[in-house]
Structures are given as structure tokens and as C-alpha cells.
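Residue numbers (the UniProt record's numbering): 1 to 313.
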């Protein structure tokens with residue numbers, strides 16, 4: 001396969017996953033902003049949405065205040081934000097158009113239709129209810145694309161490159177949303193374990209479609225360390241860091257078989273997966289969750305670079 005084709009498939013999957021992630025953190029911010037004042041009054045849900053998306057400096061260069069209108073506009077519709085939902089879908093379609101022969105008809109139809117439908121949304125005229133329907137639509141597009149890829153693609157190197165992009169992006173997103181909950185979302189005046197903290201954890205689990213899974217696995221009330229365990233070390237949870245790296249290793253091993261050799265990407269992925277397999281959540285908290293996540297994001301970025309250098313350049 002040409003490296004350009006592999007690169008397009010890799011980034012196509014990343015952009016679709018990123019669009020869904022942005023829709024999920026916006027949905028969480030709307031849920032948190034709707035809480036009654038008795039649950040905590042002034043909170044930082046809109047600032048946290050910007051920080052979770054990793055675009056704080058760019059946002060505050062364009063806006064003075066993080067509120068419902070400005071954050072929604074920036075993360076969902078802004079042409080100036082390279083990672084807005086609008087631009088993610090545009091870049092996904094551009095990458096898809098470059099590799100149409102490597103995609104199935106269902107995959108191309110999903111992306112092309114989404115790009116066309118996106119033009120019909122006018123953020124200036126959308127109510128809260130319409131924004132909610134828009135975010136559900138974005139998540140639906142991602143599910144349709146992922147489902148069509150899973151159901152219709154040959155399990156060859158094209159499929160492996162697309163899945164690498166998806167799971168690298170998903171791992172980064174899960175790590176960021178968990179980290180920001182600890183360091184931005186809860187106001188200093190609020191106590192851990194209070195009513196606001198509980199509803200924020202509920203919103204975070206909803207944001208990654210994990211609330212039901214949490215109760216299935218732990219069968220008890222929400223506890224921060226158990227939420228962290230579910231989203232970092234539990235391989236049963238599809239969005240957990242451990243699950244993402246289990247899938248990354250599987251697809252990298254497939255590429256090693258296809259091309260007849262291994263390289264730095266395979267070695268880096270195995271090291272990270274081994275560390276996740278051998279850690280307990282108690283050890284993570286003893287060393288510091290923030291430090292653990294910061295190191296993980298760095299390692300994840302290093303793996304992305306290694307994959308690019310090994311296969312995509």
C-alpha cells in the first residue's frame with residue numbers, strides 16, 4: 001500500500017473519532033450546566049470542555065469568556081478551529097475522497113452524506129434542543145462509519161491503518177477527559193464526594209457511554225478511583241486506555257505480518273500495553289493520576305509519531 005493511502009485512512013478514522021469525542025464533551029457540558037444551583041452553583045463546565053478538547057490557548061485568543069454560546073461555536077462550528085466538528089468532518093471527507101477505492105460504498109456514503117448535511121446547520125439559529133439533536137447526529141455518524149468499517153472492510157492492511165487511527169485518537173480522548181475532571185471541573189469550594197462531584201462523575205461516564213458499564217462491573221455507587229480504573233485499566237471497557245492498546249497491538253502485529261518486519265511502533269505499543277497490564281489503580285493514585293495521564297498522553301503521541309515514521313511517510 002502507498003504510504004499516502006495509509007496516511008489518508010489513518011487520519012480519516014482519527015477525524016471521525018475526534019468529531020464524536022467533541023460532541024460527547026459538549027453534551028457533557030450541557031448536562032452539567034443544566035444542574036440546579038443547589039448542586040453547586042457556579043461551576044467550570046464550559047472551561048473544562050475547552051481544556052478537555054486541548055485547545056484552550058486558541059479559544060481564549062478568539063474569545064474573552066468561555067460560556068455556552070462561545071464554546072459551542074468554537075468546538076462545533078468554527079472554521080478557525082482546526083479541530084472543530086465542522087473541520088473534522090471536512091478533513092475526514094477530504095481524506096476519504098483521496099482513498100475512495102480503499103473504502104467500501106457504505107463508508108464513503110456515510111462520510112459524504114455527513115459532510116453534505118453539515119452545511120444545513122446554522123448555529124446562529126439553533127436552540128438548545130436543536131444543538132442537542134445536532135450532537136446526537138454527530139455521534140450517530142461516527143457510529144455508522146465505525147459500524148460500516150467493521151462490517152464491510154476486508155481485514156487487510158487498509159483496515160489495520162484505519163483502526164490504528166481510531167484507537168490512538170480514542171486513547172488520547174479518554175485520557176484527557178479523565179484528567180480534566182480531576183484538575184478543572186470541580187470548583188475549589190466544592191468537596192470531593194459532594195453532590196456536585198457525584199453528578200459530574202455521572203456526566204463524565206455518560207460522555208464516554210460508560211455509566212451502565214460502571215454499574216455492571218462494580219455494582220456500587222460512583223467512586224472516583226473506580227471510575228478511573230474503568231477508564232484506564234479495565235480491558236472490558238471499549239474506551240479504556242488498556243482496551244485501546246490491546247487493539248493497537250493487535251493491528252500493529254497484523255501490519256508486521258503483512259510487511260514482514262516489526263519496528264519502533266510495535267515495540268512502543270507493547271511497552272505501554274505491558275505497563276497498563278501490570279498496574280493497579282492503587283499504584284496509579286499513589287504516584288498521582290495526573291502524572292500518570294500526562295506520561296500516557298506523551299507515550300501515545302510518541303507512538304503516533306513512530307507509526308507515521310514507520311508507515312505513513
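Glycine is no exception: its CB is placed at the ideal position from the N, C-alpha and C atoms.
Look at residue 110 here: in three-state DSSP terms it is helix. By the neighbour-count criterion, in which 16 or more other beta carbons inside 10 Å mark a residue as buried, residue 78 falls on the buried side.
When C-alpha distances from residue 172 are compared across 5, 208, 7 and 46, the shortest belongs to 208. For the pair of segments examined, the region 93-107 was found to touch the region 8-16: the number of CB pairs separated by less than 8 Å reaches three. CA-CA distance, residue 170 to residue 244, rounds to 7 Å. In the structure shown, residue 48 adopts helical secondary structure according to DSSP, grouped into three states. Scanning its chain for C-beta atoms nearer than 7 Å, with the 5 sequence neighbours on each side dropped, one finds around residue 118 the residues 86 and 89, in chain order. Note that the region 134-149 does not touch the region 44-59; fewer than 3 beta-carbon pairs, one per stretch, sit closer than 8 Å. Assigned with DSSP and collapsed to three states, residue 147 falls in helix.
With a threshold of 16 other beta carbon atoms within 10 Å, residue 53 meets it and is buried. One alpha carbon belongs to residue 224, the other to residue 198, and they sit about 9 Å apart.
Residue 258 and residue 168 have their alpha carbons spaced roughly 20 Å apart. Taking C-beta atoms under 8 Å as the contact rule, residue 1 and residue 157 qualify, at a distance of about 5 Å.
For residue 238, the three-state secondary structure derived from DSSP is coil. Beyond the five residues adjoining it in sequence on each side, residue 108 comes within less than 7 Å, by CB distance, of 96 and 100 in the same chain, given in chain order. With respect to residue 131, residue 72 sits close: the two C-beta atoms are nearer than 8 Å. Linking residue 152 to residue 104 through their CA atoms gives a straight-line distance of about 7 Å.
Rounded to the nearest angstrom, the Cβ distance from residue 241 to residue 227 is 13 Å, too far for a contact under 8 Å.
Contact check for residue 229 against residue 293 fails: the beta carbons are separated by 8 Å or more. In its chain, beyond the 5 residues on either side, 6, 9 and 10 have a beta carbon closer than 6 Å to the beta carbon of residue 161.
Within the model, the alpha-carbon separation for residue 310 versus residue 262 is close to 9 Å.
Here DSSP, grouped into helix, strand and coil, assigns residue 139 to helix.
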